[in-house]
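Undergrad: As numbered in mature numbering (1 follows the signal peptide of the UniProt record, and there is no 0), residues -20 to -1, 1 to 173 make up the sequence shown, in order.
Glycine residues also receive a C-beta, built at the ideal position from the N, C-alpha and C atoms.
I'd like to ask some things about the structure below.
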Amino acid sequence: MYTSQVLATLALAMPALVSASTLYPTMGCYSDVPDLKNMTTNVYNSYGFCTDHCRQGNYKFAVVSQGDHCACSNAVPPPSFKIDDEKCKIVCPGFPEDFCGSNVSFNVLSVKDSSDFVSSVTSAQAAATASGGIVVAASTSTPLTASMATTTDATWSSASSTASATPTFNAASSMREGSSLAGVLLAGLTFLL
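What follows is the structure in C-alpha cells.
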C-alpha cells in the first residue's frame, strides 16, 4: 500500500524533472566565448531570463557568467575552449538550481523556441507513461488570444455557476517548472502519514 504511494509520487516527479532539463539544455562550460552580443546584467539572472533575453534578439545561444551576466551568440564556441562543467558552478541569483558560469567561465545554453518546449514536455510525458509513470491531468495550454482576453462578466458568472462545489486536488497543477525532487518527495511522504 505505502510502496505504491511512494512509487506514484516518484512517477509524478519524473515529468517535472525531465521537462525542466529539456527546457534549457546546456552546451557546457567554456573558458571563453568569442563574439558575444547583447550583453546585460540582472540581479535575478537565470537560464530562463537569459534565454528569453537572447530569444528576443533571435540568437541561437544564451551565455551566462559571473552569476548575474547574460550575453547572446549565434556561434558555438570552439571545442578547444570547452572545460569541465564543475568550473561553471556559481548559482544563478534568479533560480538557485541554475548555474551561471563563474568569474572566469561561461555556461552556454541552447535557445529553444516555444514550439520546441511544447514538444519536449510532450515527449517527457510520453516517456514517463511508457516507463510506467503516471501523468495526472496532462493537458496542453492554449495561447491567450485577444478574444479570450476580452471575456465578459456573463461568461465568468456562467462558468462559476457550473463549477463543482467539492474542491479537488490536482497534483499535476501543483507541480511547477523547476520544482525540486525533495519537495515532491516531501509531499508524497505526507500521504503516507
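On the criterion of 16 or more Cβ atoms from any shown chain inside 10 Å, does D78 qualify as buried, or is it exposed?
TA: When all chains shown are included, D78 counts as buried.
Undergrad: Do you know how far the Cα of Q46 is from the Cα of T20?
TA: Whole-angstrom Cα-Cα distance: 12 Å.
Undergrad: CA-CA distance, V88 and N22?
TA: Their backbone Cα atoms lie some 17 Å apart in a straight line.
Undergrad: Enumerate in chain order the residues of its own chain whose CB-to-CB distance from C34 is below 6 Å, with the five nearest sequence positions on each side excluded.
TA: Once the five neighbours on either side are set aside, the close Cβ partners of C34 are A42, C52 and V91.
Undergrad: In chain order, what residues of the same chain lie with their CB nearer than 7 Å to the CB of V65, ignoring the 5 residues before and after it?
TA: It is worth fixing the name first, because residue 65 is Asp in this sequence and not Val. Same-chain partners within the cutoff: G8 and C9.
Undergrad: Buried or exposed: which applies to S26, given that a residue is buried once 16 or more other Cβ atoms fall within 10 Å of its Cβ?
TA: Buried, because 16 or more other Cβ atoms sit within 10 Å of the Cβ of S26.
Undergrad: Going along the chain, which residues of its own chain have a beta-carbon closer than 7 Å to the beta-carbon of D15, five neighbours each way excluded?
TA: The answer, listed in chain order, is S53 and A55.
Undergrad: Which residues in the same chain as G37 place their Cβ atom closer than 8 Å to its Cβ, once the five residues preceding and following it in sequence are excluded?
TA: Once the five neighbours on either side are set aside, the close Cβ partners of G37 are K17, N18 and C52.
Undergrad: Once DSSP output is grouped into helix, strand and coil, what is the label at K69?
TA: Correct three-state label for K69: strand.
Undergrad: Looking only at its chain, what residues have a beta carbon closer than 8 Å to the beta carbon of Y85, apart from the 5 residues adjacent to it on each side?
TA: A small fix is needed here, since residue 85 is Ser in this sequence, not Tyr. Around S85: C9, Y10, S11, S45, I63, K67 and C68.
Undergrad: Please tell me whether F75 and C50 are closer than 8 Å, where the distance is taken between their beta carbons.
TA: For F75 and C50, no; Cβs fall outside 8 Å.
Undergrad: Quick one, which of G81, V13 and Y39 has its alpha-carbon nearest P57's?
TA: Nearest option by C-alpha distance: V13.
Undergrad: State buried or exposed for P59, treating a residue as buried only when at least 16 other CB atoms are found within 10 Å of its CB.
TA: Burial call: exposed.
Undergrad: Are the beta-carbon atoms of P73 and D32 separated by less than 8 Å?
TA: No; because the gap between Cβ atoms is not below 8 Å, this pair is not in contact.
Undergrad: How big is the Cα-Cα spacing for G81 and T6?
TA: Spanning the two alpha carbons is a distance of roughly 11 Å.
Undergrad: Give the single residue among F61, Y39 and Y24 whose Cα lies nearest to the Cα of V71.
TA: Residue Y24 is the option with its Cα nearest to V71.
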